[in-house]
Amino acid sequence: MAKTKTRAKKKPSTSSEKELILVDEAAGLIFENEKDLFGYFQSAIDKLEEEYIALRSAEDFTDEEQIEREHYLESTLDEPDEVWMDDKTFEDFAIYHFIKSFEEGVDAFKYVAVAYVSSEDEYPSFVFIHFPSKDSRVWQNYQRGEMVYDKTFEEVSAGSVEGDAMGEGDPLAMGLYSAMLKVRGEKDIPQENFKDFAELREETIESADEIWRKNDLDGNILVSFIREFPDHETTKDLIYIAVTQEDEDSNVHSLLFSFPTTDKTLADRYRQGENLQAEEVSQESAH
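Below is the structure:
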């Protein structure tokens, strides 16, 4: 069953030898003991537990299996994949949904922690409920409100070039770009240097050596512009690639992301589908 946990800081009381529990000192959430603390949040805990119980299915982790995975709580709070701020569930305060993916052998699941975050130091100081779930219907319920942290965006933002969809947090662009990073050669151009080659993007799109169109498994029409720069002044065997999404109705292309590479095997991954002539392609420089 989902559990409650305090991560509040403590400090000595000036009037006694007892330590005070600080959930959010700036907001006045200071308690003399855990009984008072849990009493204050009890109605919120009950509401959140009822919500979770209503969602939980018999095919999900049992109580015993949940207990075996409680150790995932700390990394979920400290290194989440996503954090969602929900200010609609309760009138008096916002709650935050911390979500992180894990794999155990062939089993994949997400760990969810619903927490109060201290306004002063943005620290999850009280956890209302936390649990692992294999059921996407369950954890998708907690992807609500405003997404205030996205690990994927943090990882890929360094490679974004002004005007592309990835810089706007587009899920398709971020997913494709993240997949590209995983298969790049170790000796390829470092991501932090991608912006040094950004001026090649426009030339690649307007004067591509090759243009390839393919449909992905989700039905998205992806068009990749590829141009080689054999005489580049700083980088040997340079190839620049711009990946766009084609609108099926208008045939206009929205730029997802672009990147430089010296990895010919990586470039070949974008030479898939239908090889187009440049004059067949309608272009739009910005998303």
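For what it's worth, this note's numbering labels the leading residue of the sequence shown as 884, then goes sequentially. Cβ atoms here follow ideal geometry from the backbone N, Cα and C, with glycine treated the same way. Quick caveat: nothing in here was measured; it's all calculated off a predicted structure.
Cβ-based neighbour list, residue i, same chain, cut-off 8 Å, excluding 5 preceding and 5 following
| i | result |
| --- | --- |
| Arg1153 | The sequence shown places Tyr at residue 1153, not Arg. So the list reads Trp1095, Ser1107, Ile1109, Ile1124 and Val1126, once near-sequence residues are dropped. |
Closest residue to residue i among the options (Cα-Cα distance)
| i | options | result |
| --- | --- | --- |
| Lys1034 | Ser1008, Phe981, Asp929 and Val1010 | Phe981 |
| Phe1077 | Asp1130, Leu1121 and Phe992 | Leu1121 |
| Leu956 | Lys993, Phe973, Pro1073 and Ala1150 | Lys993 |
| Glu987 | Lys1017, Lys971, Gly1156 and Thr1144 | Lys1017 |
| Ala1171 | Val1135, Asp1004, Ala1041 and Ala1062 | Past the edges of the chain, shown from 884 to 1170, lies residue 1171, and the structure says nothing about it. |
| Asp929 | Glu1111, Thr1087 and Thr972 | Thr972 |
| Gly1042 | Gln1128, Tyr1032, Glu1111 and Leu1059 | Leu1059 |
| Asp1114 | Glu1131, Ile1088 and Thr1145 | Thr1145 |
| Ile936 | His1013, Gly1102, Phe1080 and Glu1116 | His1013 |
| Ile1104 | Glu902, Phe1080, Glu1157 and Phe976 | Glu1157 |
| Lys1147 | Lys1070, Asp943 and Leu1100 | Lys1070 |
| Gly1028 | Met968, Leu1064, Ser940 and Ala991 | Met968 |
Start-to-end residues for the alpha helix (DSSP H) that takes in residue i
| i | result |
| --- | --- |
| Phe921 | Glu917 to Leu938 |
| Ser1019 | Ser1019 to Gln1023 |
| Glu1040 | It should be pointed out that residue 1040 corresponds to Ser in this sequence rather than to Glu. Careful: Ser1040 lies outside any alpha helix (DSSP H) and carries neither H nor E. |
| Asp1033 | It is not in any alpha helix (DSSP H) - Asp1033 instead sits in the beta strand (DSSP E) that spans Glu1029 to Asp1033. |
| Arg1152 | From DSSP, Arg1152 is part of no alpha helix (DSSP H); its letter is neither H nor E. |
Cβ-Cβ distance between residue i and residue j below 8 Å
| i | j | result |
| --- | --- | --- |
| Asp1047 | Ser1133 | no |
| Lys983 | Thr945 | no |
| Tyr1006 | Val997 | no |
| Val1044 | Arg1084 | yes |
| Pro963 | Tyr1032 | yes |
| Asp943 | Val1021 | yes |
Test: residue i CB closer than 8 Å to a CB of chain D
| i | result |
| --- | --- |
| Lys1097 | Checking the listed chains, one finds no chain D in this structure; it contains a single protein chain. |
Helix, strand or coil at residue i according to DSSP, with G and I counted as helix
| i | result |
| --- | --- |
| Lys971 | coil |
| Ser1168 | Caution applies to Ser1168, whose pLDDT of 45 falls short of 50 and renders its modelled position unreliable; the value that the coordinates give is listed next. In this structure, Ser1168 counts as coil in the three-state DSSP scheme. |
| Arg1096 | strand |
| Glu965 | strand |
| Glu1131 | coil |
| Pro1007 | strand |
| Asn1076 | helix |
| Glu1086 | helix |
| Thr945 | coil |
| Glu902 | strand |
| Ser1061 | helix |
Cut-off 6 Å between Cβ atoms - residues of its own chain near residue i, not counting five sequence neighbours on either side
| i | result |
| --- | --- |
| Ala1056 | Ala1048, Met1049, Leu1139 and Phe1140 |
| Gly1052 | Phe1036 |
| Thr1087 | Phe1108, Arg1110, Tyr1123 and Ala1125 |
Continuous beta strand (DSSP E) stretch holding residue i: start and end
| i | result |
| --- | --- |
| Lys983 | Ile978 to Glu987 |
| Lys1070 | First-last for Lys1070: undefined, no H or E at that position. |
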